[in-house]
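Protein chains in written order, with the working numbering: chain A, 1418 to 1691; chain B, 1418 to 1691; chain C, 1418 to 1691. Even glycine gets a Cβ: it sits at the ideal position worked out from N, Cα and C. Bear in mind the structure is a predicted one, so any value in this text is a computation, not a measurement. Remarks on the structure that follows.
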Amino acid sequence: MRDSRSFVSLATDFGAAYTAICAGVVSTIAPAANVLVLSDEITPFAVREGAMLLRQALPYMPAGVHVGIVDPGVGTPRLPVAIETGRGDVLVGPDNGLLVPAAAGLGGVVRAHALENPAYRLPAVSTSFHGRDIFSPAAAHLATGLDVADLGPAVEPLPLDVPSAVARDGELTVPVLYTDRFGSLVLGGEPADLAAAFGPLPYGTPLDVAWTDPAPGSARVTFEETFGGVSPGAPLVWVDSSGWLGLAVNQGSAAEVLGLAGVETVVLRRPSAR
Amino acid sequence: MRDSRSFVSLATDFGAAYTAICAGVVSTIAPAANVLVLSDEITPFAVREGAMLLRQALPYMPAGVHVGIVDPGVGTPRLPVAIETGRGDVLVGPDNGLLVPAAAGLGGVVRAHALENPAYRLPAVSTSFHGRDIFSPAAAHLATGLDVADLGPAVEPLPLDVPSAVARDGELTVPVLYTDRFGSLVLGGEPADLAAAFGPLPYGTPLDVAWTDPAPGSARVTFEETFGGVSPGAPLVWVDSSGWLGLAVNQGSAAEVLGLAGVETVVLRRPSAR
Amino acid sequence: MRDSRSFVSLATDFGAAYTAICAGVVSTIAPAANVLVLSDEITPFAVREGAMLLRQALPYMPAGVHVGIVDPGVGTPRLPVAIETGRGDVLVGPDNGLLVPAAAGLGGVVRAHALENPAYRLPAVSTSFHGRDIFSPAAAHLATGLDVADLGPAVEPLPLDVPSAVARDGELTVPVLYTDRFGSLVLGGEPADLAAAFGPLPYGTPLDVAWTDPAPGSARVTFEETFGGVSPGAPLVWVDSSGWLGLAVNQGSAAEVLGLAGVETVVLRRPSAR
């Protein structure tokens, strides 16, 4: 049973207005809920970016109901789901993998149910705005105490498809997960991947970063604990606040300075001794 | 009489910071109010876009006080108004037509009063920021229970000037109302206009869309119930979640893919049998 | 002692998601706090722009805890601070001058303390996200009633370095502080500076505005009380709602129309009588 002032977060690729409509639906059904827009500016249709955001952010939210909507399949038969986590949250959104990494970070999936019960949808369900008509009403009813199982049949959530980092001796190939607002790249690898490729890596060690697509390029960077470890304008590899590897420029945009727009994979190497 | 936790929404063309200043003014005067930023990113000075947003969004908000500000005339003698609706909301903003379509969708205008009583303004009223100095204080006092009539003299709100769809036999001319964040065009017509031009129109029917300004162009599209009715990258005409006609591209931007930037009117036709 | 529903505002250069993570941390520690995002779109690393925003906005917020984060020095030894003001607010952020002009406008600095007590930080403090790990927890604990002095040792906040307006006879040189979302320039001068340069200046007086960097340019403008004093598309100098001088175009963007992108200083003169 939730208390009378439940916490509901919303993360979408809708922009301000459509996300606020969802917030309005939540407040209409659950007037005492504390509603926070976690993001309304996920890149449209970028399921992986949204999943990384939820995985990163939700551990810092109060336990509550968290709506995540990046839904290229709206209007097709993909399921809407609610996923209860070990921490006691319920994650609500499309069953396209978006919610699953976040659930893993909140104690794992306890149970998941499809949002099929018409009692917990708006009376008229459109084909293009399930955020308003299906996800937000479900979240609001959950915030007022509804049990997840009352929403519909139990389902097994689909996983998110994310490429893995590949560590070979002296070389780490990592996917670029997304580029943040500062132009810093978040890489799909963790400190353990660095260690697998290079062994213990002291701060201050130089690394070469190379890429081939959409055009070949490379840069000499430094592995650092903080941005302040390099001069303004200089690039670094560091471990970001969520434990992901990052490629950044101190007080600048790595995407712009290094010419990384559109790059999907980078390779890190120790500079040769020559 | 409103309850102690009233709902106040804000929709402006101010950006985040100036809109938040308005929210701060509301919370200072009405600390118990639940304040939601419905939008802070309406295109600057786009009264029609703002009006369409309010018309679309407010039915999904709790009954409450809704501030809408797109105000090219700030600093001129246009009136600030509060409009009480049949549903029990009060809409607050400039008397330039912005609020009127939304009021019509909330049970109609019950009464409207100019915001003239200095007791419900900030002590110093600037010439350029009526959102902060006039509209937000009025909204906050309304949220704490003030009667609309205490704000000032009764007025008749000015209508919004929107062009109408024109249906001729086999042809529908519709204005483009605005382009949303996904690059989809919202058209100033409804399903009844489609029926007037074409009779019953089954999903899957092809249509030709043509425009002449700012440069001539045309596209073959399909009338569909959902985005998923066409392949990714393919265009469609559909009825959006507010009942307006829309011109979109599945998982893409119609404005970009079809070259519709700056287009203000489109003509829909049945493809000729040739 | 604060009441049980304290007000916490957040102003950052983080974008929506990272700012919402801060809001989530506040709500986790202080569930009853009313949390407002004042801005999540300050230009990255623009300390002066952030300082002007806080100075302008905070007087309109309820007295409370106000977090401001524009922090090019994150990860370096600069101090995190909390500044208590004469009005009873506490401002929380990096000790880089960002908070000081706002504190001056809220009754001045009463006392300031460094955020060093680990009891009021998150258990693990990252090197790159002090907003989440240091500033937000401190703000939340202050919102629940913590005394500023419990956060750490007393400090003297560093001032913000802002260039001054220079008035000579018949000429006023003023820095451009920032360009707002409408393309209007906020200038680092006040009506008193105008008077020092020109004596009493009636509305309607023409002025010449000139600049040399990054490319020479000039424009004839009018000093007006309101935007409506000039025709749509025409430029004006006016006093904005915070008492700063501004350079704007009625219903347009001064930055675009006059070609002012990148201009850091302008000179105002009375047109010569020739």
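Around the beta-carbon of B/D1578, fewer than 16 other beta-carbon atoms lie within 10 Å, marking it exposed. Per DSSP, the beta-bridge partners of B/P1623 are B/T1639. B/E1466 and B/G1605 have their C-alpha atoms roughly 11 angstroms apart. Nearest Cα to B/V1482 within the set B/T1682, B/L1664, B/A1560: B/A1560. Closer than 8 angstroms to the CB of C/T1429 there is not a single CB belonging to chain A. B/V1626 sits away from B/L1662, with the two beta carbons spaced by 8 angstroms or more.
In this structure, the CA atom of C/W1628 is about 29 angstroms from the CA atom of B/V1491. Taking one beta carbon from each stretch, the segment 1489–1505 of chain B and the segment 1524–1534 of chain B have 3 or more pairs nearer than 8 angstroms; the two touch. Put simply, the backbone Cα of C/L1508 is about 23 angstroms away from that of B/A1450. Beta-carbon to beta-carbon, A/L1675 and A/A1636 are separated by about 5 angstroms, close enough to satisfy the 8 angstroms threshold.
CA-to-CA, the gap between B/A1678 and B/A1672 works out to about 6 angstroms. Where C/T1445 is concerned, the enclosing alpha helix (DSSP H) starts and stops at 1433–1446. The CB of B/G1605 never comes closer than 7 angstroms to any CB in chain A; the least such distance is about 18 angstroms.
Per DSSP, the unbroken alpha helix (DSSP H) holding B/E1673 starts and ends at 1671–1674. Buried is the label assigned to C/R1472, since at least 16 other Cβ atoms lie within 10 Å of its Cβ.
A direct Cα-Cα distance of roughly 15 angstroms separates B/G1634 from B/V1591. For C/D1506, the closest Cβ of chain B is not nearer than 8 angstroms.
In the three-state scheme derived from DSSP, where H, G and I count as helix and E and B as strand, C/E1588 is classed as strand. Out of B/Y1435, B/T1622, B/S1581, the CA that lies nearest to the CA of B/P1688 is found in B/T1622. Counting only the Cα atoms, A/G1616 lies some 48 angstroms from C/F1424. One finds G1432, A1433, A1434 in chain B with Cβ atoms closer than 9 angstroms to the Cβ of C/E1458, taken in chain order.
For B/D1657, at least one C-beta of chain A is nearer than 8 angstroms to its own C-beta.
For B/E1501, the pairing in a beta bridge is given by DSSP as B/V1507, B/R1528. In this structure, DSSP gives A/S1553 a helical state, which the three-state scheme calls helix. Within the DSSP bridge table, the entry for C/L1618 names no partner. When DSSP states are grouped into helix, strand and coil, B/V1579 belongs to the coil group. Taking the Cα positions, B/R1495 is about 17 angstroms away from B/P1535.
Taking a 10 Å sphere around the C-beta of B/T1429, we find 16 or more other C-beta atoms and assign the residue as buried.
Using a Cβ-Cβ cut-off of 8 angstroms, A/P1574 does not count as an interface residue toward chain C, since no Cβ of chain C sits closer than that to its own.
Non-local C-beta neighbours of C/F1599 in its own chain, meaning closer than 7 angstroms and more than five positions away in sequence, comprise S1670, ordered along the chain. In this structure C/A1474 is not in contact with B/A1433, their Cβ atoms being roughly 10 angstroms apart against a cut-off of 8 angstroms. B/V1491 belongs to the set of residues whose beta carbon lies under 8 angstroms from a beta carbon in chain C. If the five residues before and after A/P1580 are omitted, its C-beta is found closer than 7 angstroms to the C-beta atoms of P1592, G1605, all from its own chain and listed in chain order. The distance from the Cβ of C/S1545 to that of A/T1639 is about 15 angstroms, inconsistent with a contact at the 8 angstroms cut-off. Taking CB atoms only, B/G1467 has no neighbour in chain C less than 8 angstroms away.
Put simply, the CB of A/V1565 is far from chain B, with every gap to its CB atoms at 8 angstroms or more.
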